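This report concerns only the one structure given below.
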Amino acid sequence: SGGGQRGLAGGGTVAPPVELVELAGLDPAGVAFAAEARAAIQLALLEARGAELCSTLYTYRSIARALPPASGDESRRRAVYAASFHVLHEPLQRVSALLTFRAEAVACFCESMALVAPPEAPSPARPGTVCVGGGVGGSLALVPSLISLFDTLFVLDAIKDAKAGLINDLAAYKRAFSTIHAEISGAAAVHDMLAELQPFLVEKASLLTALKSSLSRLPSAATALSLLANHCLEALEAGAGMLPVQRHRTLRATGCLLWMLHADGSDPFSRHQLHPPRRFGLVLKATPVAHLYAEMHLCLDDLLRRSLTPAAAAELLPPPRYPPPPAAAAGRP
């Protein structure tokens, strides 16, 4: 009972798993936990799209450096700019799909987080638990899917920020468009795309920044993020049978969740329902480096040390690989 053919690496789309397709066709009125079922489908489909976008970004190669310089008389310059625009248009159109994905993923993530820890839910009785009250709130079934989508956003940000060629191609594309925009049909749509794409590519961690901004408007966001971090920690502690890809995904999510909870400079362990920092420290000190994507790796201590207080860093992270230099003697410049 196959779930449809999956798209090839060069194009097409990834078909969702067959069980999710069948679940989507059911009448929600006759399904228990219908809101959670719909959210699980959307999270799975977004994760599949995110995997395709990771491949698109990772395999992207800069084009601008291979383009000829626009020199000579006006007619030759316009011809070079026109050719450059058409060569760069399709690759950057594929990259601009990240803008749509960001909006849909952030919206779906926030809606699902409200199901995991709704505003009306009482405080957990102990760290790592959510008291399930009436209605459809407080479901823990979405936690693994939320962690996977969260990790997908983190990996997309890391690959995007590592691709300096994207900025060069966008600059060449924008320069060509400004010269020949009067000759292009749909120039307004291209202008709007450039207005959104340029700040998105220039800003570091733009997907997680958008997610953090949206989560800040949810009263229960910190509780739900703490629940995700606790789930990651428990999975790593009991993960003797975890596959390497699962373990590294969980490690990445653990580090990034703690980074988001520490981002305001305060101690989240005293304000949120997190497990004790000693338990997180045992895991992070044992595996300070996680696989990111292809040959890329993530140093968890580098990710966290920028946002942690010195006391928290000493408890959660291994000693710095390069100790800070000793303080200069008094009176020495």
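Numbering (our numbering) for the sequence shown: 759 to 1091.
Just so you know, even glycine gets a beta-carbon here, dropped at the ideal spot from N, CA and C.
Bear in mind that the values here come from a model prediction, so they are computed numbers and not experimental data.
The secondary-structure analysis by DSSP pairs residue 1048 across a beta bridge with 1056. In this structure residue 907 is in contact with residue 867, their Cβ atoms being roughly 6 Å apart against a cut-off of 8 Å.
The beta carbon of residue 821 lies closer than 7 Å to those of 845, 846, 849 and 927 in the same chain, with the five residues before and after it left out. Under the Cβ criterion (8 Å, minimum of three pairs), the stretch 805 to 812 counts as touching the stretch 910 to 918. Between the stretch 971 to 987 and the stretch 941 to 955, the count of C-beta pairs closer than 8 Å stays below three; the two stretches do not touch. Within a 10 Å sphere around the beta-carbon of residue 922 sit fewer than 16 other beta-carbons, which makes this residue exposed. Judged by beta-carbon spacing, residue 925 lies within the 8 Å limit of residue 959, meaning their Cβ atoms are closer than that value. Proximity to residue 1058 across 1064, 1052, 1051 and 1046 peaks at 1046, based on C-alpha coordinates.
DSSP places residue 839 in the helix class (H, G or I) of the three-state scheme. With contacts defined by Cβ atoms closer than 8 Å, residue 871 and residue 976 form a contacting pair.
Sequence-distant Cβ neighbours of residue 969 in its own chain, meaning closer than 7 Å and more than five residues away, are 864, 867 and 911.
Distance from residue 915 to residue 963 at the Cβ level is roughly 5 Å; contact confirmed, criterion being Cβ atoms closer than 8 Å.
For residue 949, the three-state secondary structure derived from DSSP is helix. The Cβ neighbour count for residue 1055, taken over all protein chains shown within 10 Å, is under 16; the residue is labelled exposed. For residue 995, the enclosing alpha helix (DSSP H) has its first and last residue at 979 to 995. Within a 10 Å sphere around the beta-carbon of residue 1053 sit fewer than 16 other beta-carbons, which makes this residue exposed.
If the five residues before and after residue 1062 are omitted, its C-beta is found closer than 8 Å to the C-beta atoms of 1013, 1016, 1017, 1020, 1042, 1071, 1074 and 1075, all from its own chain and listed in chain order. Less than 8 Å divides the Cβ of residue 853 from the Cβ of residue 818. For residue 1050, the closest alpha carbon among the candidates 999, 949 and 1010 is that of 1010.
Residue 873 and residue 979 have their C-alpha atoms some 11 Å from each other. Put simply, the backbone Cα of residue 929 is about 31 Å away from that of residue 1064.
A distance below 8 Å between beta-carbons, with the five flanking residues on each side excluded, links residue 1026 to the following residues of its chain, in chain order: 980, 984, 1016, 1019, 1020 and 1032.
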